[in-house]
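K.L.:
Sequential numbering of the sequence shown, starting at 1, is according to UniProt numbering. For glycine and all other residues, C-beta sits at the position ideal for the given N, C-alpha and C. Supplied in structure tokens, the structure appears directly below.
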Amino acid sequence: MVVENVVIIGSGPAAYTAALFTIDYKPLLFEGEVVGGIGPGGQLTTTTAVDNYPGFPHGTQGPKLMDDMKAQAVSKGLRVISSTVTKLERHGENFIVYTLNSKYEAKGVILATGASARRLYVPGTKEGEFWQKGY
């Protein structure tokens with residue numbers, strides 16, 4: 001098994017920032033799959049107007065920002081795997097990263113899994129009603 005220098009678990013802004021700062025170590029990023037209605041890219045992929053992000057004086061769209069962050073990191077050499085990490089174990093000085101179908105060994109791991117919003121289960125918040133409609 002090839003030993004990776006750095007594995008990054010997550011695919012939001014923190015994960016891609018970590019990728020850029022560790023790019024000389026040839027990081028491998030696991031972007032995961034859809035969890036709780038949120039796919040790779042994190043919560044920003046569900047946000048239309050991002051008005052307070054540095055470098056965007058007129059704002060930007062969340063999905064576009066995440067696409068641009070990923071594209072920048074990939075253009076510098078980031079390798080991305082579209083699998084969800086299911087388990088992480090310490091193995092001597094290294095770590096073993098498990099997905100549903102594979103396992104990887106790494107010298108270092110950066111956890112950038114973000115957070116997820118807690119939904120209020122009240123009338124109007126189900127899919128197709130008012131959730132993410134901007135009303």
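1) Looking at Q43 and G12, is the spacing between their C-beta atoms short of 8 Å?
2) Do you know offhand how far V122's Cα is from K76's?
3) Mind checking which residues open and close the alpha helix (DSSP H) that includes V74?
4) Within the continuous alpha helix (DSSP H) that includes T17, where are the two ends?
5) Would DSSP call L44 helix, strand or coil?
6) By the DSSP assignment, the beta strand (DSSP E) with H58 in it spans what residues?
7) State the CB to CB distance for the pair V97 and V7, rounded to an integer number of angstroms; the pair is presumed to be in contact (CB under 8 Å).
8) Smallest Cα separation from T84: which of T45, F56, L111 and L78?
9) Is it true that the CB of K70 sits closer than 8 Å to the CB of Y16?
P.N.:
So, from the data block:
1) yes
2) V122 and K76 have their C-alpha atoms spaced approximately 45 Å apart.
3) G62 to S75
4) For T17, the enclosing alpha helix (DSSP H) starts and ends at P13 to F21.
5) helix
6) Unbroken run through H58: none, as it is neither H nor E.
7) 5 Å
8) L111
9) yes
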